[in-house]
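For reference, the structure discussed in these notes is given below.
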Amino acid sequence: MNPEMDRVETRVDLTKRPGTYFVIADDEGVYDWNVWKDIEKRHVLEVQRASDHPVELYAQREDLDAACDDSQSPLVFRTYQAVSQGHAAYLALREHADQQTFQELEDVFYADELAFNGAGFTDTPS
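Residue numbers 7 to 132, in this note's numbering, belong to the letters of the sequence shown in order.
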């Protein structure tokens, strides 16, 4: 045994620090045969950690913005605070699922209002 190899000069930091991540996702509607309607799905295409240097950060953001603008599909560019690329992709998917759920709830509430108005339950006094 070598006693010098058993000592560690510095501790290894295994914690994940949050950082800024850029996410490019495709929000194109996909036709679902089971329910016979268009379903909005988000496909995460790219995740990059934002650079710490301001000049590199500006160039990185401009390149990703240009890639989204030049694309023929409906790409979206999002920024998230996350601890890893997988976490940033999960946040992008969760955000889209939350938006879809909220949209479906709005449709249900609007349909209920129409049903009650048709049944004679209106707010106007008779």
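Cβ atoms here follow ideal geometry from the backbone N, Cα and C, with glycine treated the same way. Since the structure is predicted, the reported quantities are computational estimates derived from the model, not experimental observations.
Do the CB positions of residue i and residue j come within less than 8 Å of each other?
| i | j | result |
| --- | --- | --- |
| F83 | D69 | no |
| S79 | E34 | yes |
| P24 | Q87 | yes |
Can you give the beta carbon distance from residue i to residue j, rounded, assuming they're within the 8 Å contact cut?
| i | j | result |
| --- | --- | --- |
| R48 | L99 | 6 Å |
| A103 | V53 | The pair is not a contact, with the Cβ atoms about 17 Å apart (cut-off 8 Å). |
Using a Cβ-Cβ cut-off of 7 Å (strictly less than) and excluding sequence neighbours within five positions of residue i, which residues of its own chain qualify?
| i | result |
| --- | --- |
| L63 | A56 and S57 |
| request: Indicate whether the contact test is met: 3 or more Cβ pairs, each with one atom in the stretch 21-36 and one in the stretch 91-98, closer than 8 Å. | output: yes
| Length at least 4, wholly inside the stretch 49-108: the alpha helix (DSSP H) runs in chain order | 60-76
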